[in-house]
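J.: With mature numbering (1 follows the signal peptide of the UniProt record, and there is no 0) applied, the sequence shown covers -19 to -1, 1 to 359.
Have a look at this one.
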Amino acid sequence: MGGCLILMCLLGFCGLTFGQGCNRDLLNNWDFPGNDITALQSPDARHCQYLCTQYPSCQFFTFVRPNSVVDGRFFHCFLKYSASGRPDNQVPKKGLTSGFSLKACNPDPEPCQPLVYQDTEFPYETYKSFFAANLEDCQRACTNDPYCQFFTFLDRSFGSENIRYMCYLKYRLSVPRPLYVRANSVRISGFSQKIRSSPEFDTACEGTLFPNIHLPGDDIEAHAAASTEQCLAFCSAHPRCTHFTYTSGDFRCYLKNNPVQMPNKISGTGVTSGVPVHYCQQNNSWIKEPRVGVEFQDLDIRSFLLTNAAECQRSCTEDSICQFYSYDTTQQLCYLKRIITLPSPSAVRKQPDAISGFSLRLCPKKPNDSGIQEPYNE
């Protein structure tokens, strides 16, 4: 009889997790081994689920909780895919949490992330630091700064006394953008007309461009970009970017930081440099312009037949999750695409007496589920 009950429970579990509809459940102490697409860092299983939801091909995931004793890859979020849409395997394992993408649940594209994480550090992406009276003061500073996405606060018991009460505000580029751009004579690519490339401000402004000028050195990041104007948008969105250089031959955007002086200008062809705008709304007319002979590679949500690129752009704009597209003029195929734009630190690690969290800018004034992350259940 006991064996029958166990079998019935397992069948019930399989029926729950293998459903193809909306499934928000987090399955504590279960692992979906294999089927990995990529691994990212995440502070908890719900954030990992959001990452899976925004990753184009992710269908399900496994998160390694910081209390795991069987897997030392703490805070790893493994995004997964299978041809069937279901995990090939599922194994009970303490310290792991698994679940499914929320793509079928009409997900919020900018979800509120109100929890803070005790004894957890986001070690990188700092652009500003200062002493704060307490955790609430640090989170409030992050929320009120239009550039801040997440933060780490060192409380009064932190090991190094001279940096106790330090608040670190952090930013990681998360604007909608293709990760790979290349020349392709049969492709036309562009953007959804609904995307936002920078924080929104009331005052409009224009950046300053230096055509045929290279500003050498001072690089902090490099990204693929379809145009000089998109590179300007990246720089304007980044709180540490003081100037940039864009090279059109390889579609590369180099974000640079030197708050003291501008480097010597070097003349060149196929290159444009510039200075970003600050605390104002950049002219985003570049979003409306299709890029003929340019391909945005990978990151496909889906593809289908359409008669022209204008219809492809319209389909992307009308799709709630599409951010950009690429149209194949020979096959008349429209590829809708997106990347993860959820604020997400590049690394998460255990750190006694450090508390980390996210800006509350996207949250209701009194989120129902705010508070410190409770200890994980075994």
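Beta carbons are placed, not taken as given, at the ideal position from N, Cα and C, and that holds for glycine.
Just how far apart, CA to CA, sit Leu(-15) and Gln71?
T.: Here Leu(-15) scores only 40 on pLDDT, less than 50, and its place in the model should not be relied on; the value that follows carries that caveat. For Leu(-15) and Gln71, the distance between alpha carbons rounds to 19 Å.
J.: Can you tell me the Cβ-Cβ gap for Cys261 and Ala185, rounded? I've got them flagged as a contact below 8 Å.
T.: Cys261 to Ala185, Cβ: 7 Å. Contact.
J.: Apart from the five residues just before and just after Ile249, which ones in its own chain have a Cβ nearer than 8 Å to its Cβ?
T.: In the sequence as displayed, the identity of residue 249 is Gly instead of Ile. Result list for Gly249: Asn193, Ile194, His195, in chain order.
J.: Is DSSP giving Lys84 helix, strand or coil here?
T.: Lys84: helix per DSSP, three-state reduction.
J.: Here's the rule I'm using: 16 or more other beta-carbon atoms within 10 Å means buried, otherwise exposed. How should residue 380 be labelled?
T.: In the structure displayed, the chain extends from -19 to 359; residue 380 sits before or after that span and is not available.
J.: Between Ser49, Phe41, Gln35, which lies nearest to residue 386 when the distance is taken from Cα to Cα?
T.: In the structure as shown, the chain starts at -19 and stops at 359, and residue 386 therefore has no counterpart that could be examined.
J.: What three-state label does DSSP hand Asn193 in the structure shown?
T.: Looking at Asn193 - three-state DSSP - the assignment turns out to be strand.
J.: Looking only at C-alpha atoms, which of Pro220, Glu91, Gly140 sits nearest to Ala335?
T.: The shortest Cα separation from Ala335 among Pro220, Glu91, Gly140 belongs to Gly140.
J.: Quick one: grab the DSSP three-state call for Lys269.
T.: The answer is helix: DSSP assigns Lys269 an H, G or I state.
J.: Does the pairing of the stretch 86 to 98 with the stretch 58 to 73 give three or more beta-carbon distances under 8 Å?
T.: Taking 8 Å as the limit for Cβ pairs, the verdict is that the stretch 58 to 73 does not touch the stretch 86 to 98.
J.: With a threshold of 16 other CB atoms inside 10 Å of the CB of Glu102, please say whether the residue is buried or exposed.
T.: When all chains shown are included, Glu102 counts as buried.
J.: Whose CA, out of Phe81, Arg221, Asp25, Phe44, lies closest to the CA of Val256?
T.: It is Arg221 whose Cα lies nearest to the Cα of Val256.
J.: Please report the straight-line C-alpha distance between Thr78 and Ser166, rounded to a whole angstrom.
T.: About 45 Å.
J.: Less than 8 Å between the beta carbons of Ser179 and Gln263, yes or no?
T.: Result yes, Cβ atoms of Ser179 and Gln263 sit closer than 8 Å.
J.: Give me, in chain order, the residues of the same chain whose beta-carbon lies closer than 7 Å to that of Asp309; leave out the 5 immediate sequence neighbours on both sides.
T.: Counting only Cβ-Cβ distances below 7 Å, and skipping sequence neighbours, we find Val167, Arg168.
J.: Kindly identify the DSSP beta-bridge partner or partners of residue 396.
T.: Past the edges of the chain, shown from -19 to 359, lies residue 396, and the structure says nothing about it.
J.: What are the boundary residues of the alpha helix (DSSP H) that Asn123 is part of?
T.: In the sequence as displayed, the identity of residue 123 is Cys instead of Asn. It spans 116 to 125 - the alpha helix (DSSP H) in which Cys123 sits, taken as one unbroken run.
J.: Using 8 Å as the threshold, is the C-beta distance between Leu60 and Phe81 below it?
T.: For Leu60 and Phe81, no; Cβs fall outside 8 Å.
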